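Visitor: Just passing along the structure, written as structure tokens.
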Amino acid sequence: SASYGADAVGGIIHIKTKTYQGLWEEEKSEFNGNIAYGENNLTMTDAGFRMQGQKFGFSAAVKSTESSGEQYVNPSYVNAGKGDSLYTNFFSLKTYTAALTYRDHKHWKVYARGGADRRDFAAKYFYSPNPYDEATEKVNAYWTQAMLEYDNNGGQTSLNIGYRHNQDSFIFNPAFPRNSHITQRLNATLSHNTTYLKTRISFGLQTDYNVIESNDRGDHSLLNNAAFFLAHHKFNKLNVNGGLRLEYSDKIGAQLVPQVNVSLLQKNIVYRASAGRSIRQADFTEQYNFYLRENTPGNFSIGNPDLAAESAYTVDAGIDAYISQNLKVTNTLFARTSSNLIDYTLTNSTEIDNLINLLDSTDYFYAKNIKESFTFGNEFGVSYTMEMPNVTIDWLLNYTYIHTNTPDSVVSKYIANHPINNINGGATLRFKRFTWNIGGTFITRDADELPTIGGEVKNQYGILNTKLNYAAKDLGVNLFVNVRNVLDSRYQEILGAQMPGRWIMAGLSWNLTTVKLKRPMF
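Residue 522 is where the sequence shown ends in the working numbering, and the numbering goes up by one at each step.
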């Protein structure tokens, strides 16, 4: 939070990578990827190429995942005679990226990346538990990112600029008007890193500008500006990291975000703790969903333009115990107290005074600031490597407990909608050129159901996955068979949105050995 601030969850998301830093390590080229085919006309392709010369570097990648999806009986047709008798959860996801780098071996580094993303998928019941829901969605995006860095006497000054354009077309039901949104985000960060009195410090300025044009949510913009300071100092075996961020926007005013974390190494145990504040301001969906729609039907999620920013204070403490070379045990206790949490709560239109497009005496899921919430829990993990002649087995077991308290009178959609107990583990067996992995998850949570849409979130369910891999000799190629949800468990995490059953796929992956360039190629 100290370096990134009040990033919105939902709406427009812009992820910046630092993969460019590895492009300057050495002169080399490599080509890797995988392809797979599976049930329900599944095709998966993920391939990338990277080449680095003395001064110039280039990389490119493509990723595609498509399937006609599983077929289900349509609850809307059975219960209300609406829509087709069957539906599928199809998806088509495609991403393309390319990057260029330059270094002069003295002071300057330059990096630029561009990409495009195309998504077309079924979204039935994902956003709304409405019997009329036959939703599909298409999202087209492109983005650019550039970095200029100057390195001198152990200090680095860098300018990072990123831009993302996102076009979203959402059809709730063919009988309803299409929702069309264009969101844009421009982000710039100027920072400097240096060492002063054996303390590594980083400070800078950041600006973030977001715009939306929508036939459902209207036209809006939001500008955030921030200054941040980070520091790291090592006192013998004690590491201390601190951060402070000052953020300002018209929506949330001035907000101060402090953070600190410490770690101490004693023999084979690392003790660690952290504390800090985080903030989040409402995204355009939470503020303006159905803002322009006339006579909005009941039971839909509607926005609230007067939302305040969320604020949370978090503390955690834990240990990492390296009991032996093969055995590691970790445990972390955590707690978070939150105020003004944003969630959709069941509210009658008679209680809503800042929207005029609602039906009289009708219930909606209205975005509100929930006064307070308290979350606490524990994470435990153990990993062990068993070594035998010709065989190695890596064992892994994790357990997470989370409990959230909210006011008893609040009926919200998301705040406490999380697993209570989550146990996951697995084993990876390596024998000669074969690798076999089996792993699974068992979850308990609060049950929920809505028969009109076939919605049932069970209070407990388990999923088991397995993968068998064979490495071809001297070729850099692996063959694999992957089975997801081996036991064909039927479960939902969102009411009505059925998660995939057993899914079998097979394919090959490759990683051609990096080749040291004999001479500069540029």
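For each residue, glycine too, the CB sits at the ideal point set by N, CA and C.
Just so it is clear, the structure is predicted and the values come from calculations on it, not from any experiment.
What does the alpha-carbon distance come out to for the pair Thr-189 and Gln-206?
Guide: 4 angstroms
Visitor: Closer than 8 angstroms is the cut-off here; do at least three beta carbon pairs connect the stretch 285-295 with the stretch 254-266?
Guide: no
Visitor: Count the other CB atoms within 10 Å of the CB of Val-73; is the residue buried (16 or more) or exposed (fewer)?
Guide: exposed
Visitor: Look up Glu-286 in the DSSP assignment and say whether it is helix, strand or coil.
Guide: helix
Visitor: DSSP three-state call for Ile-453: helix, strand or coil?
Guide: helix
Visitor: Please list, in chain order, all residues of the same chain as Asn-261 whose beta carbon is under 6 angstroms from its beta carbon, the five residues on each side excluded.
Guide: Listed in chain order, the non-local C-beta contacts of Asn-261 below 6 angstroms within the same chain comprise Asn-241 and Ser-274, local neighbours out to five positions each way being set aside.
Visitor: Beta strand (DSSP E) containing Val-73: first to last residue?
Guide: 71-73
Visitor: On the DSSP bridge list, what partners appear for Gln-460?
Guide: According to DSSP, Gln-460 bridges with Thr-444.
Visitor: When you compare the CB positions of Tyr-470 and Leu-479, do they come within less than 8 angstroms of one another, or not?
Guide: yes
Visitor: Measure from the alpha carbon of Val-483 to the alpha carbon of each residue in Gly-476, Gln-498 and Ala-506, then state which is nearest.
Guide: Ala-506
Visitor: State yes or no: is the C-beta of Tyr-384 within less than 8 angstroms of the C-beta of Ile-319?
Guide: No Cβ-Cβ contact shorter than 8 angstroms links Tyr-384 with Ile-319.
Visitor: Quick one: what's Val-382 bridged to in DSSP?
Guide: Val-329 and Leu-397
Visitor: So, are the CB atoms of Ala-367 and Ile-393 less than 8 angstroms apart?
Guide: no
Visitor: Let's test the definition: count the other Cβ atoms within 10 Å of the Cβ of Asp-208 and tell me whether it reaches 16, buried, or not, exposed.
Guide: buried
Visitor: Can you check the stretch 58-117 for any beta strand (DSSP E) of at least 3 residues that lies completely inside it and give the ranges in chain order?
Guide: Within the stretch 58-117, the complete beta strand (DSSP E) runs of at least 3 residues are 71-73, 86-88 and 91-103.
Visitor: Compute the Euclidean distance between the alpha carbons of Lys-138 and Asn-41, then round it to the nearest angstrom.
Guide: The alpha-carbon atoms of Lys-138 and Asn-41 are separated by roughly 20 angstroms.
Visitor: Counting only C-beta atoms, is Ala-61 closer than 8 angstroms to chain B at any point?
Guide: Annotation note: the requested chain B is absent from the structure, which comprises a single protein chain.
Visitor: Given a cut-off of 8 angstroms on the beta-carbon distance, is the pair Thr-400 and Gly-377 in contact?
Guide: yes
Visitor: What's the C-alpha gap between Lys-109 and Asp-151?
Guide: 8 angstroms
Visitor: Report the rounded CA-to-CA distance for Leu-333 versus His-418, giving the unit in angstroms.
Guide: Computed Cα separation, rounded: 18 angstroms.
Visitor: Measuring straight from C-alpha to C-alpha, what distance separates Tyr-313 and Ser-180?
Guide: 36 angstroms
Visitor: State the DSSP-derived secondary structure class of Glu-552, mapped to helix, strand or coil.
Guide: For residue 552 there is no data in the structure shown, the boundaries of the chain being 1 and 522.
Visitor: Buried or exposed for Gly-154, please, with buried defined as at least 16 other CB atoms from any protein chain shown within 10 angstroms of its CB.
Guide: exposed
Visitor: Grab the span of the beta strand (DSSP E) containing Lys-138 for me, first residue to last.
Guide: 136-152
Visitor: How many Å lie between Tyr-196 and Leu-244 at the Cα?
Guide: 18 angstroms
Visitor: Flag this pair as touching only if the stretch 53-61 and the stretch 76-93 have three or more C-beta atom pairs under 8 angstroms; answer yes or no.
Guide: no
Visitor: With H, G and I counted as helix, E and B as strand and the rest as coil, what does DSSP make of Glu-39?
Guide: coil
Visitor: Report yes or no: do the stretch 358-372 and the stretch 434-448 share at least 3 C-beta pairs separated by less than 8 angstroms?
Guide: No: fewer than three Cβ pairs fall under 8 angstroms.
Visitor: Is Ser-349 helix, strand or coil when you go by DSSP?
Guide: helix
Visitor: Using a 10 Å radius around the Cβ and a threshold of 16 neighbouring Cβ atoms, would you call Asp-219 buried or exposed?
Guide: exposed
Visitor: Beta-carbon within less than 8 angstroms of His-403's beta-carbon, same chain only, minus the 5 sequence neighbours each way: which residues are those?
Guide: Cβ within range, chain order: Thr-375, Phe-376, Gly-377 and Ile-420.
Visitor: Quick one: what does DSSP say Tyr-366 is sitting in, helix, strand or coil?
Guide: strand
Visitor: According to DSSP, simplified to helix, strand and coil, what is Lys-237?
Guide: coil
Visitor: Quick one: Cα of Glu-456 to Cα of Asp-448, how far?
Guide: 6 angstroms
Visitor: Need the endpoints of the beta strand (DSSP E) that Val-257 sits in, please.
Guide: 253-266
Visitor: Can you grab the Cα-Cα spacing for the pair Pro-174 / Tyr-132, in whole Å?
Guide: 10 angstroms
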